[in-house]
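What follows is a short report on a single structure.
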Amino acid sequence: MEPLEKKIFRRRKGDTLGWEFILPSVVLIGLIGIPIIALVWRSINSNIFSFALSENALNALKLSLFTSVITVVISLVTGAPLAYLQTHTNFHGKAAVDLLVDLPVVLPPAVAGIALLLAFGRQGLIGSYLDKFGISLPFTTAAVVMAQVFVSAPFLVRSARVGFSSIDPQLEEAAKVEGASNWHVFQHIMLPMAGRAILTGVILCWTRALGEFGATLLFAGNLEGVTQTMPLAIYVGFEQSLGIALVLSLVLVTVSLVLLAMLRRLELQSQP
Amino acid sequence: MSKSFVMVGLILLMALSGCGTPATTYFISSTKGPDITPAVTQQVSETSVFPHTLTVYAAASLTGAFQEIGNDFEAANPGVNVIFSFAGSQILQTQLEQGAIADVFASADHKNMDMLVTDNLVAPNTYQDFTTNKLIVILPAGNPGDVQTLSDIAKPDLKLVLADASVPAGNYARQTLTKMSTDPIYGSDFSTKILANVVSNETDVKQVVAKVELGEADAGIVYISDAVAAPDLLTISIPDEYNVIAEYPIATLTKAPDRDLADAFVSYILSPIGQSVLHKWGFKGVTR
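Residue numbers (my numbering), protein chains in the order written: chain F, 5 to 276; chain Z, 260 to 547.
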């Protein structure tokens, strides 16, 4: 940490960046920073702690933590092997798969919500068959997790892909010459070596899952304790009782900042 | 089939306008129509030299009726553009409180209008009721929950969707359920049983209609006007003794950029022409 900071400092001193750089930067920093400061300021000045322990806020907090952790586990278990396949094999339609997996990153979440409804809703493509077995996904906690996986797993896959592709292919070949199976290579060489990139992916995936709103509202609805995650409680609370919205916003900002700081640390560590 | 496509299209439209943003803004272009101009609006069209824009914030349940009235108003007043923002009244109220600029606000309840009065955002002497609405139970085509009577809504495991308690329609629905619970026919635990069936509290009444129309829910409680706007749905009417009469107030806002035009629009809504359009969409008149 220390030497790096010094390096940045030196570079700043050497270059003379004028107002033409500073002014536009200040505008953008203000646009992002002032609302965050306002949120914290307003929270401190209103009696938010009475809301912090309200049942509504706690239910949303618990549900958000529960669903987002499951989302990360599912994304990891399915996303890491997928990223490995994408970087280590060349199959028919690979380009299409690559595109498909990246799509949710740029897709508006509301579109994801409608797509999920049309696929897994009671009259959906798959949902109508599930319904015959008595399985109905919309309005359940499972639907919240599905919406979160849909929008956030691609972040993990993208990150893991970068990790896997940066590993020297000779290492893998050497291991195979020694008689290691594909699974062994994946488990004992690739996973540890791409560990940092995958961890970065996990953090990105987690923050995205915690913030998921649009797809959840459309596909899972809004019911306290079942599908009302923090962002939904903030949206409903904003109209009803600003206190709950404020305290949950503050929690989300804090959690996001901590996760981002961890991410930053990882990035700094991985720099040569 | 075509109906479901329309639904998908509608939802896509909502999605593209950003689901997170509470209000959907519709732009209604000017169309030429028969010259049925009442005296009040005549005055406006005579004085309008430049194109005027009128911004109306209206409860989601008014969507169909107000779009039609807006078109008629534009036709009667050349050079006038009416822009609507439809959302749950409580969302619009919050937006106006936070500084959104509009000429007219039409709410689905008194509560949200009263809050604006407290904030001095309603122009004096313009606050008045202009229409009423009642509640009805809607079921998707095919009736997957096999709901035949009102008491069937209390069946265990039925999927019921309501508007959130903060939304006027959700508040009225809960009032109705409370009234029914006092009747021995339904039993005192009727409301509790029904509320246990609620799978989602939607953020405006049109979202309730959408969830039922897609067949995701077995039943929903919405306004009669919503059922009129979605003719494919099956309905069960709620008898008057339990029903809530939702009174819709309208008012010109203090910060209205075009006060005269705003007053003219309100007069148009209250005129026989405006009232007949509201009637067509399932709304009822105000008993004075």
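Beta carbons are placed, not taken as given, at the ideal position from N, Cα and C, and that holds for glycine.
Asked                                                                                                                                                                                                 : Found
What is the DSSP secondary structure of Lys438 of chain Z, reduced to helix, strand or coil?                                                                                                          : helix
Starting from Val481 of chain Z, follow its DSSP beta bridges and name the residues at the other end.                                                                                                 : Z:Ile395
Figure out for me which residue from F:Leu272, F:Leu250, F:Gln273 has the closest Cα to the Cα of Pro39 of chain F.                                                                                   : F:Leu250
For chain Z, is any of its Cβ atoms less than 7 Å away from the one on Pro173 of chain F?                                                                                                             : no
Does DSSP put Thr300 of chain Z in a helix, a strand or coil?                                                                                                                                         : Residue placement at Thr300 of chain Z cannot be trusted, given a pLDDT of 41 that sits under 50; what the coordinates show is reported in the next sentence. Residue state, collapsed to three classes: helix.
For Lys539 of chain Z, which of helix, strand or coil comes out of DSSP?                                                                                                                              : helix
Quick one, are the C-beta atoms of Val149 of chain F and Ala219 of chain F less than 7 Å apart?                                                                                                       : no
So that I know if they touch, is there some Cβ in chain Z lying closer than 7 Å to that of Phe143 of chain F?                                                                                         : yes
Under 6 Å Cβ to Cβ from Gly541 of chain Z, same chain only, skipping five residues before and after it: list those, please.                                                                           : Ile483, Ser484, Val487
I'd like the span of the alpha helix (DSSP H) that includes Ala119 of chain F, first residue to last.                                                                                                 : 113-124
Could you tell me the alpha carbon to alpha carbon distance between Leu69 of chain F and Gly241 of chain F, rounded to whole angstroms?                                                               : 19 Å
What do you reckon, are the CB atoms on Ala346 of chain Z and Asp463 of chain Z nearer than 7 Å?                                                                                                      : yes
Would you check if the distance between the CB atom of Leu193 of chain F and the CB atom of Ala179 of chain F is smaller than 7 Å?                                                                    : Just to set this straight, residue 193 of chain F is Ile in the shown sequence, not Leu. Yes. Within cutoff.
Suppose you measure from the CA of Arg162 of chain F to the CA of Ile207 of chain F; what does that come to, to the nearest Å?                                                                        : 12 Å
Under 7 Å Cβ-Cβ, which residues of chain F neighbour Asn460 of chain Z?                                                                                                                               : Asn226, Leu227
Specify the secondary structure class of Tyr239 of chain F as computed by DSSP and reduced to three states.                                                                                           : helix
By how many angstroms is the C-alpha of Leu107 of chain F removed from the C-alpha of Phe449 of chain Z?                                                                                              : 46 Å
Along the chain, where does the beta strand (DSSP E) that runs through Ser472 of chain Z open and close?                                                                                              : Checking the sequence, you will find Glu at residue 472 of chain Z rather than Ser. Not the beta strand (DSSP E): Glu472 of chain Z falls in the alpha helix (DSSP H), residues 464-472.
Report the residue ranges of all beta strand (DSSP E) runs contained in full by the region 66-98 of chain F; include only those spanning at least 3 residues, in chain order.                         : none
Any Cβ of chain Z within less than 7 Å of the Cβ of Val148 of chain F?                                                                                                                                : no
Compare the C-beta of Asp373 of chain Z with all C-beta atoms of chain F and state if any pair is closer than 7 Å.                                                                                    : no
Take Gly125 of chain F and list the residues in its own chain whose beta-carbon comes closer than 7 Å to its own, dropping the five residues that flank it on each side.                              : Gly131, Pro142
Using 7 Å as the threshold, is the C-beta distance between Phe168 of chain F and Cys209 of chain F below it?                                                                                          : no
Give a yes or no on whether 7 Å exceeds the smallest Cβ distance from Gly474 of chain Z to chain A.                                                                                                   : Among the protein chains of the structure shown, namely F and Z, there is no chain A.
Counting only Cβ pairs nearer than 7 Å, list the residues of chain Z close to Gly138 of chain F.                                                                                                      : Correct list: empty, because the minimum Cβ distance to chain Z is about 10 Å.
Quick one: is Tyr133 of chain F buried, meaning 16 or more other Cβ sit within 10 Å of its Cβ, or exposed?                                                                                            : exposed
Give every residue of the same chain whose Cβ lies closer than 8 Å to the Cβ of Glu356 of chain Z, excluding the five residues on either side of it in the sequence, and list them in chain order.    : Met374, Leu375, Asp378, Leu380
Check the Cβ of Thr231 of chain F against every Cβ in chain Z and list those closer than 8 Å, keeping chain order.                                                                                    : Ser459
Ends of the beta strand (DSSP E) at Leu227 of chain F?                                                                                                                                                : Neither: Leu227 of chain F is in no beta strand (DSSP E) and is coded neither H nor E.
Identify, in the order they occur along the chain, each residue of the same chain with its Cβ nearer than 7 Å to the Cβ of Leu62 of chain F, setting aside the five sequence neighbours on each side. : none
Using three-state DSSP, classify Gln349 of chain Z as helix, strand or coil.                                                                                                                          : helix
For the putative contact between Phe343 of chain Z and Ala317 of chain Z, defined by C-beta atoms under 8 Å, what is the C-beta separation to the nearest angstrom?                                   : 6 Å
To the nearest angstrom, how far is it from the Cα of Val481 of chain Z to the Cα of Gly429 of chain Z?                                                                                               : 8 Å
Determine whether the Cβ of Gln127 of chain F lies closer than 7 Å to any Cβ atom of chain Z.                                                                                                         : yes
Could you list which residues in chain F have their beta carbon closer than 9 Å to that of Ser320 of chain Z, in chain order?                                                                         : Residues of chain F passing the Cβ test: none, with the nearest at roughly 16 Å.
Roughly how many angstroms lie between the CA atoms of Thr300 of chain Z and Asn336 of chain Z, to the nearest whole one?                                                                             : Any reading at Thr300 of chain Z must be qualified, since the residue scores a pLDDT of 41, below 50, and its modelled position is unreliable; the value itself is stated next. Rounded to whole angstroms, Thr300 of chain Z to Asn336 of chain Z spans 7 Å at the Cα level.
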